[in-house]
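The structure appears below as structure tokens.
In this note's numbering, the protein residues as written are 6 to 227.
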């Protein structure tokens, strides 16, 4: 969903990226600061019930998630380290957001929906961490697993929108339905990635087995 806006966001953030670089702010500092703010807000404001302020703050930083990448490209410093740091800290932010939503359900129980909401939020937390892990492990064994239904930013925003506007009257059941659908989407993505990697490795094994192997007498005449 947000992938189509990537070029627009790059154009939008370029002036800010240049300003921050001129102030000697590094891309890594922006990455770390964003993670700290999102994590603190998610684990404090969200469980306490400040869903509107907390959700808007987190949504703001999610939209600015590509700023560090724009800065790195502007400074000519994009590379594996920045990608590693950004990907690692994204997992921290994601976990904090869904942990905060889970804590909200625990601290604000509802006799009809408490268990449903808590279970759905926990499923999003667990499966959301498995999705990127499956891709990373696939790359570790020489395969690729980029298939999936929704990207990270999409999942976060889809969860945050109903959570944020509960404070102005949106029914809790809307959030529970969205979380359930996100958990199912993550589960489907994990299954897709497992199947994709299995097929790739199986084909590789067949190709390796079918390759001609030179024996000790190869090349010798009769």
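All residues carry an ideal CB built from backbone N, CA and C; glycine is no exception.
- Between residue 67 and residue 162, the CB-CB gap stays under 8 Å.
- A Cβ-Cβ distance of about 4 Å is found for the pair residue 105 and residue 47, placing them in contact under the 8 Å criterion.
- In this structure, residue 75 places its C-beta atom within 8 Å of the C-beta atom of residue 18.
- For residue 154, there is no enclosing alpha helix (DSSP H), since its DSSP letter is neither H nor E.
- Here residue 203 carries a helix assignment [DSSP, helix/strand/coil].
- DSSP, read as helix, strand or coil, puts residue 95 in helix.
- Look at residue 214 here: in three-state DSSP terms it is helix.
- Take residue 192, set aside five residues on each side of it, and the residues of its chain with a beta-carbon closer than 7 Å to its own are 132, in chain order.
- DSSP places residue 71 outside any alpha helix (DSSP H), giving it a letter other than H or E.
- For the pair residue 154 and residue 102, the CB atoms are not nearer than the 8 Å cut-off.
- The residues 73, 87, 90, 91, 94, in chain order, have a CB closer than 8 Å to that of residue 36 in the same chain once the five nearest residues on each side in sequence are set aside.
- Out of 134, 126, 79, the CA that lies nearest to the CA of residue 181 is found in 126.
- Here the segment 141-158 lies against the segment 198-207, with 3 or more beta-carbon pairs under 8 Å apart.
- The Cβ atoms of residue 100 and residue 51 do not sit closer than 8 Å to each other.
- It is roughly 30 Å from the alpha-carbon of residue 57 to the alpha-carbon of residue 24.
- Residue 85 and residue 128 have their C-alpha atoms roughly 30 Å apart.
- The alpha-carbon separation between residue 29 and residue 45 amounts to approximately 25 Å.
- By the CB criterion at 8 Å, residue 43 and residue 98 fall inside the cutoff.
- In this structure, DSSP gives residue 15 a helical state, which the three-state scheme calls helix.
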